[in-house]
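Everything below concerns the one structure shown next.
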Amino acid sequence: MPEGCPDRQSSTSADGGIGFRSPARPCSSDTRIGAAVKRPLPVLLAALLSAVLLAPGAISPADPAVAVAGTTVSGYVYEQRPSGTYPASNASVNLFPSNGGSHGPGTASTDSSGRFVFSGVAPGTYRVHARPAYRAGLSYDIADVYLPGTPFARDAQVISVGSSSVSLPTVTLPLGGRMQGVVSLTDGADLAASRTQVTVKQYNGETGAFEGSVGSSVPIWNGAWQALMLPAGTYLVYAGTENATHRGEFWPDAPEIDGAELVQVTAGETTVVDFALDPAPRTVTRLAGPDRYTASAAISSASFSPGVPVAYVANGDKFPDALSAGALAGVQGGPVLLTRATSLPGAIASELARLKPERIIVVGGPVSVSDGVLATVRKYSSVVSRIGGPDRFAVSRSAVRDVYLPGGADTVFIATGYNFPDALSAGSAAAANSAPMVLVPGSSGGLDAATKQLLSELKPSRIVIAGGTATVSTGIEADLRRQPGVRLVERMAGANRYETSWMVGALAPADDVVYLTTGEKFPDALSGSAVAGDRLARVLLVQPNCIPSATLDQLLWAAPSRIVILGGTASVGTGVAQLRRC
């Protein structure tokens, strides 16, 4: 079993979703998740991918679909009950594009024989998802499923639709279980006023991922909550208040994810999970300094103890090299420290002396970080190396290779190297999910050959694009979808950098701490990206003196016990510390 436990946040719903590799310790026979144990490189899904069977007449995801008019897709859905297997009437069936899109040809319902029919389906490759009809009062649960019988979208069989009608293999909905319990507020506050909710995420033992459960929603009703129609398996369960009045916790009684334990759901049985939430002891702290270098040292000093496995040193006047370093430092449990091109600032020298890193990596060529600085940092570690290249993109690729090869990576984040905001948010999310972030020339019409080669070496099955088409072109996205072995490509993009920030930030699994930094300037946030990734936390971009509305909503839902502001009041004003809405 791989050692990472990826995760994707799901708030009020347990609908299916794709998880990411999390740096938390694996859920083995000991179901406690220990974030203090650093995670290894992601385990490839080669065996899993090669085992995916194709429906009769189907083609593999790498093969081109036949460009013809839409056709018919049909099949049967059965359901397992305690007394046997029967046709599933009124079940809902969806075809989802295999590239990760959410919009397919709609929903088909089964008749009394369990048969469903889609007409006019466009050529392409799809995943098939079936959901049983909800029937009140049943003493048993039937769970959702993807063909050929998995609760996880990434493990679903890919079917191809071309010029001929497609008859699918029978889909069998498995007997499920349920989870229920009571949430109480220890100070007697009103549950409804506090908007208390519970989140459940299923653990995928094949990929080491926490994924959005395939089941029903879990609202609070007078303190009682219930999740029905859950596939048998193990789950991460979290309770919190949307308005952050009380401290959220993972079961059992763990304010942080490293203390969480998994909950077993057995088919045909009910598992009881109760919570008692204390009032939120939320604190807002600020990590800053009179300049970017002292701020970098302060962020590291407040976050890392001596003896770190690695420290990255990068130019603080330009963002690309430090952005590349952030995702890699965070996943290894070390800081990113900023330097001038020709001299090592005193604050950084002092911090390196305190840290005593096992290894120091200087990121960037001699123009970015001079040989003189390289010689100076050799005083602080016996193992010092430089990762350089002719441009920022080559440096990014080399830095990723240094950490992730030869092992590879199941998930890869892609961001433009021309601007900092999207890559800043993506870097911390990538580190939090033990995934590399690769910088690309986002305005190019297609993916460059060097990045294609890197991806062929990393062998990801999933790629996350951070930013809209103005920052990473549709041509690059198309090439990523054609990359051999890539099964899912997802673009996380909002109307602006702030919306993109909270969308990407939601991919970080931990809610106990959230980092806020300015979306207008890059220096204060460069060192913070590594810290957030190490804490499995998100970095959210804010405006100078307020928090964008959508970002604040996510922050309140996360209900962190700590909010850390990166940067001084000139960059992030007191309005942000007061959680003022823009």
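So the sequence shown is numbered by the numbering used here: it starts at 3 and just counts up by one. The C-beta atom is built at its ideal place from N, Cα and C for all residues, glycine as well. The structure presented is a predicted model; accordingly, all values stated were derived computationally and were not measured.
Item, Value
"Of the residues Q228, W227, A229 and T236, the one placed nearest G208, counting alpha carbons only", "Looking at the sequence shown, residue 208 is not Gly but Glu. If we check each option's Cα against that of E208, T236 comes out closest."
"Residues near I350 by beta carbon distance below 8 Å, same chain, minus five either side", "Y295, S298, A299, V315, L339, L340 and T341"
"Any alpha helix (DSSP H) of 4 or more consecutive residues that is wholly inside the stretch 330-378", "348-357"
"Coil, strand or helix - E459 by DSSP", "helix"
"Proximity to T198 [Cα-Cα], best of A211, L232 and A282", "A282"
"Distance between beta carbons of G530 and V544, contact taken as under 8 Å", "In fact, because the Cβ distance is near 12 Å, the residues do not count as touching under 8 Å."
"Endpoints, alpha helix (DSSP H) assigned at G477", "T476 to R484"
"Y136, buried or exposed, once every other Cβ within 10 Å from all chains shown has been counted against 16", "exposed"
"Where L43 sits in the DSSP three-state scheme", "Residue placement at L43 is flagged as unreliable, the pLDDT there being 22, under the threshold of 50; the coordinate-derived value follows with that caveat. Coil, per DSSP."
"Cβ separation of G178 and A304, assumed to be a contact under 8 Å, to the nearest whole Å", "At roughly 45 Å, the Cβ-Cβ gap does not stay under 8 Å, so G178 and A304 are not in contact."
"Limits of the unbroken beta strand (DSSP E) element including S529", "Per DSSP, S529 belongs to no beta strand (DSSP E); it is in the alpha helix (DSSP H), P525 to D536."
"N- and C-terminal bounds of the beta strand (DSSP E) containing S94", "S94 to P99"
"Sequence-distant residues of the same chain with beta carbon closer than 7 Å to A331, five excluded per side", "V312, Y314, P337, V338 and A532"
"Segment contact, 8 Å Cβ cut-off, at least three pairs: the stretch 250-259 with the stretch 155-170", "no"
"Distance, S85 Cα to G477 Cα", "53 Å"
"Strand pairing of N206, partner residues [DSSP]", "A211"
"In chain order, each beta strand (DSSP E) run of at least 3 residues that lies wholly inside the stretch 259-286", "265-267, 272-274 and 277-279"
"Endpoints, alpha helix (DSSP H) assigned at G577", "T576 to A579"
"Proximity of T502 and T418 at Cβ, strictly below 7 Å", "no"
"Where L492 sits in the DSSP three-state scheme", "The amino acid occupying residue 492 in the given sequence is Glu; Leu does not appear at that position. Three-state DSSP puts E492 in a strand."
"Cβ distance (whole Å) where A425 is taken to contact L441 below 8 Å", "6 Å"
"Contacting residues, own chain, Cβ-Cβ under 6 Å from G217 (five flanking each side not counted)", "Caution applies to G217, whose pLDDT of 36 falls short of 50 and renders its modelled position unreliable; the model cannot decide the point."
"Contacts around S475, its chain only, beta-carbon distance under 7 Å, and the 5 residues preceding and following it disregarded", "G444, S445, S446 and G447"
"Where the beta strand (DSSP E) through Y295 begins and ends", "Premise fails: Y295 lies in the alpha helix (DSSP H), R294 to S305, not in any beta strand (DSSP E)."
"Local conformation of F395 per DSSP, three classes", "helix"
"Nearest-angstrom Cβ-Cβ length linking V405 and Q485, presumed shorter than 8 Å", "V405 to Q485, Cβ: 20 Å. No contact."
"Contact under 7 Å by Cβ, T519 with G469", "no"
"Where the alpha helix (DSSP H) containing P409 begins and where it ends", "Residue 409 is actually Gly in this sequence, not Pro. Neither: G409 is in no alpha helix (DSSP H) and is coded neither H nor E."
"A132 - DSSP class collapsed to helix/strand/coil", "strand"
"Nearest-angstrom Cα separation, counted from A512 out to N206", "18 Å"
"For A316, the first and last residue of its enclosing beta strand (DSSP E)", "A313 to N317"
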